[in-house]
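With mature numbering (1 follows the signal peptide of the UniProt record, and there is no 0) applied, the sequence shown covers -22 to -1, 1 to 727. Below: the structure, in structure tokens.
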Amino acid sequence: VQRSYLFVISVCLFVPGEFVFAVSSDDNSEFWLSRDNSPLNLQLLAWIGKTGMEWTAPGEFGKYASQTSRPVRLSVQRRYFFEIVHKQNDRGTDHIEVAWQLNQEGLRFTVISSKYISLYSNESALRMSDIIHVPQTAASHTRSPSNQPDNQLSNQPAADMLRVDPRDILYQIPALDSRFLQGVLPDCSYKPSYIIKGFPLLRYQGLQFVHMSYIYPNDYTRLTHMETDNNCFYHDSPLYLDRATEQDGLEIPPGPGSHTSLQTTPAEQLRLAERPAEQLRPVKSRAGEQKPGGKPADREDMGPADQKQPRPRGRPAEQNSARLKILPAPQKLDQNLPVEGDGPEVRGMDRLVEGVDRGGGGERKGEEVGVSESLWGLEGDSEEVEGLSYDSTPRPVFDPEVNWAQTFQVTPLDLQAMRSDWIDLRCNVSGNLMLRSRDALPVVKAFMDKLNHRHHGRFTLVRVLNVERRVDGAQGSRYFLELELRDVNGQHLRLSHYIYALIRHRLSRPRGLPPLRPAPEMLLCNPVGFHWNPTATVHFIVPVKNQARWVQQLIVDMEGLYKTTGDPNFNLIITDYNSTDMDIETTLKASTLHRYQYLKLSGNFERSAGLQAGIDLITNEHSIVFLCDLHIHFPPSIIDSVRKHCVEGHMAFAPIVMRLDCGATPREPRGYWEVNGFGLLGIYKSDLDAAGGMNTHDFTDRWGGEDWELLDRILQSGLEVERIYMRNFLHHYHSKRGMWNRRTQRSGT
């Protein structure tokens, strides 16, 4: 069962400028805006899905990339026609909100309230059969296949991660000469508090000491298209649970502009986040996920669960209508255009609706505040009322006049704020942690001021491509800035540089006064020795045995990497356990690879020994080793990403790969993030040798766990491990039949 809705309204502004619109709904919705007050000039600006599987929580404006529009310039005192199309199925509480904000950093989305909107036509006096007043628009009527909005929806990628992102082609921009970075910031020692060199670890305990970095801007690694199977964001909340008592029903205060919050308070959100993983929508566990108190299973057996579980999203709104109540209005809050920062704290944050703006109409005549009644009709459907005798004469029922100026308000929902930098082994669709703009952009601005002060205004910031922050509350946060600059000659350059925001405490107090707790100060500095080498050679080491088709695909993919990037500083090393289904060496010689190495081994397949044999082929200890698997799809940015996140003597890199489900492809990536696997690892050879290399003694004819054991030793050697979700870095689904040391079981044996 599906219900479709159509809203036709116009909007009038009191402040001109560039605006960004956002939509939030359950389930699908589209927001169309005209260039003027004519329905003929509609353009699709924002939408949520088209399949019926996409939905958001009320006030959640950052789940999908399509939810947010491009900046639109609007003029003051001019009316603009807009139209909303909303589709809802038979699950959950249907809702839709359209919000806006000025196109400025630091502002928040606020729902467009009644003071800015008016009806395109008032339908109060019209009959149900009157439809002539409904405009014929491209939003709600059949469109031709060549119509631009149709193509705009149909051409959307299967996952937000497939959208074009400047990070994917960052390697194409010429790098800024490192000499321009000398002397920009003062030098400082890089000694993060989370380094555990020499700390005794139990086997596999190193997982507890690896933390995630925060990313800005949004890279859309959150697998929103997979959250029907596994959900990590929506904890237990009154917003979604079935309400068992009348007091938990939808409560709507009657006063104009009055507010009760839709979401929980920040303190309650944190309290919910600290609960055990009791997800409202059932978590679809996959084989190999580590359960609380359990042991990790063989990750080679990880895959989709057998059955998909539907999401129990509360009762439909119709079932709650009998419990709607009119409450006294709390204190009125300002509902002007978006302003910076959070609003004042309001009690009652666990209510479904934050507030109702009745458009200044006040209370209806005869309405008694505090009397329970239905929002859209009077109660009294029961046959007998207590204290009155039964009367066969039907009681009159009056429908209240619809107040078209009434609008609801919701608080923007920031689910990212509830996450921590701990690795959550129970969640495999969440993606990278998001760094807030107010934490990233001030650092960028401060650095650009220092850079231009040093070089007399030589560079102009074009755009912020990527900012990564590794939090250390004791010493200070490490930032990795990737900026696109333009110099005085008009050339565009890429800056990719690590800086350190050191926390300093000034101890100063007037004589004779009690000591005061010093306020910490942030000092931007250059971490001595912590820099990446843009020309370091990256060696991809892959041990194989009797996997001819996948080996051929690996060679083709590596040829594509070289052709796309033109990067000569990478090398493919294949260690072959005497494969009989393919002449790998001959195939390598016939390929267009710029550089490769081949080593033939004997005996049974051993992953650790095969990797170590490839490591031993590398003669330059100042090059990077990337321990790799065979069934990997590489994004073009893989070589550059490995270089940027490996720092000799300081840091290794363990990117998180997405495991594809059976039948999934890189263009339709359905699957999950391999959050507990560290088998794909980049590290300088000198650092790997110092950590002892691969453990070929304990892991001989088996694999699984050798990556965690190596992680323990890397951390104990004094290195940190950078851990981020990498866009379009995929592990193909494959059968294990005939794989490695498996043998075919003969019938009758």
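Positions of the beta carbon are idealized from the N, C-alpha and C atoms, including for glycine.
To which residues does DSSP link residue i through a beta bridge?
{"i": "serine 713", "result": "Answer by DSSP bridge pairing: none, since serine 713 is not bridged."}
{"i": "methionine 500", "result": "Ile481"}
{"i": "leucine 659", "result": "Leu605"}
{"i": "aspartate 554", "result": "Val522, Lys578"}
{"i": "phenylalanine 548", "result": "Val516"}
{"i": "serine 7", "result": "Ile26, His64"}
{"i": "aspartate 165", "result": "Asn504"}
{"i": "glutamate 101", "result": "Glutamate 101 pairs with nothing; no bridge assigned."}
{"i": "threonine 88", "result": "Trp78"}
{"i": "alanine 153", "result": "Arg472"}
{"i": "leucine 708", "result": "His611, Met636"}
{"i": "histidine 189", "result": "Trp400"}
{"i": "glutamate 698", "result": "Met629"}
{"i": "serine 12", "result": "Leu20"}
{"i": "tyrosine 703", "result": "Ile634"}
{"i": "residue 729", "result": "Since the first residue of the chain shown is -22 and the last is 727, residue 729 is not available in this structure."}
Expressed to the nearest angstrom, what Euclidean distance is found between the alpha-carbon atoms of residue i and residue j?
{"i": "leucine 201", "j": "serine 455", "result": "27 Å"}
{"i": "isoleucine 602", "j": "glutamine 183", "result": "25 Å"}
{"i": "tyrosine 574", "j": "proline 546", "result": "11 Å"}
{"i": "tyrosine 172", "j": "alanine 526", "result": "44 Å"}
{"i": "tryptophan 25", "j": "threonine 46", "result": "8 Å"}
{"i": "arginine 69", "j": "histidine 203", "result": "18 Å"}
{"i": "valine 1", "j": "threonine 71", "result": "16 Å"}
{"i": "phenylalanine 158", "j": "proline 613", "result": "30 Å"}
{"i": "residue 737", "j": "aspartate 465", "result": "Residue 737 is absent from the structure shown; the chain starts at -22 and stops at 727."}
{"i": "methionine 629", "j": "isoleucine 692", "result": "9 Å"}
{"i": "glycine 682", "j": "serine 586", "result": "10 Å"}
{"i": "isoleucine 151", "j": "glutamate 460", "result": "11 Å"}
{"i": "threonine 558", "j": "asparagine 524", "result": "6 Å"}
{"i": "cysteine 606", "j": "asparagine 6", "result": "40 Å"}
{"i": "cysteine 503", "j": "isoleucine 477", "result": "6 Å"}
{"i": "alanine 568", "j": "leucine 577", "result": "17 Å"}
{"i": "glutamate 646", "j": "methionine 672", "result": "35 Å"}
{"i": "residue 728", "j": "glycine 161", "result": "No information on residue 728 is available, as it lies outside the stretch -22 to 727 that the chain covers here."}
{"i": "glutamine 387", "j": "threonine 29", "result": "27 Å"}
{"i": "glutamate 499", "j": "glycine 409", "result": "31 Å"}
{"i": "glycine 27", "j": "histidine 431", "result": "47 Å"}
{"i": "valine 625", "j": "tryptophan 686", "result": "20 Å"}
{"i": "leucine 411", "j": "proline 633", "result": "14 Å"}
{"i": "leucine 393", "j": "aspartate 108", "result": "43 Å"}
{"i": "valine 422", "j": "aspartate 155", "result": "18 Å"}
Reducing DSSP to helix, strand and coil, say where residue i ends up.
{"i": "alanine 642", "result": "coil"}
{"i": "valine -3", "result": "strand"}
{"i": "glycine 627", "result": "coil"}
{"i": "serine 474", "result": "strand"}
{"i": "alanine 117", "result": "coil"}
{"i": "glutamate 379", "result": "coil"}
{"i": "glutamate 205", "result": "coil"}
{"i": "glycine 649", "result": "strand"}
{"i": "serine 107", "result": "coil"}
{"i": "serine 664", "result": "helix"}
{"i": "leucine 530", "result": "A small fix is needed here, since residue 530 is glutamine in this sequence, not leucine. In this structure, glutamine 530 counts as helix in the three-state DSSP scheme."}
{"i": "tyrosine 212", "result": "coil"}
{"i": "tyrosine 194", "result": "strand"}
{"i": "isoleucine 173", "result": "coil"}
{"i": "phenylalanine 583", "result": "coil"}
{"i": "threonine 565", "result": "helix"}
{"i": "tryptophan 510", "result": "coil"}
{"i": "threonine 542", "result": "helix"}
Using 8 Å for Cβ pairs, my map puts residue i next to residue j. What's the rounded Cβ distance?
{"i": "valine 516", "j": "arginine 621", "result": "6 Å"}
{"i": "phenylalanine 59", "j": "asparagine 15", "result": "5 Å"}
{"i": "leucine 595", "j": "isoleucine 551", "result": "6 Å"}
{"i": "glycine 84", "j": "arginine 416", "result": "6 Å"}
{"i": "leucine 638", "j": "leucine 708", "result": "6 Å"}
{"i": "leucine 566", "j": "proline 521", "result": "About 15 Å separates the two Cβ atoms, so there is no contact after all."}
{"i": "asparagine 196", "j": "glycine 40", "result": "7 Å"}
{"i": "methionine 139", "j": "arginine 701", "result": "So it is not a contact: roughly 18 Å between Cβ atoms."}
Would a check of beta-carbon distances place residue i closer than 7 Å to chain D?
{"i": "isoleucine 634", "result": "You won't find chain D in this structure, because it holds only one protein chain."}
#### Entry: alpha helix (DSSP H) segments (min. 4 residues) lying fully within the region 392 to 471
415 to 432
### Query
Enumerated in chain order, which unbroken segments of the beta strand (DSSP E) with a length of 3 residues or greater are wholly contained in the region 31 to 68?
50 to 52, 57 to 66
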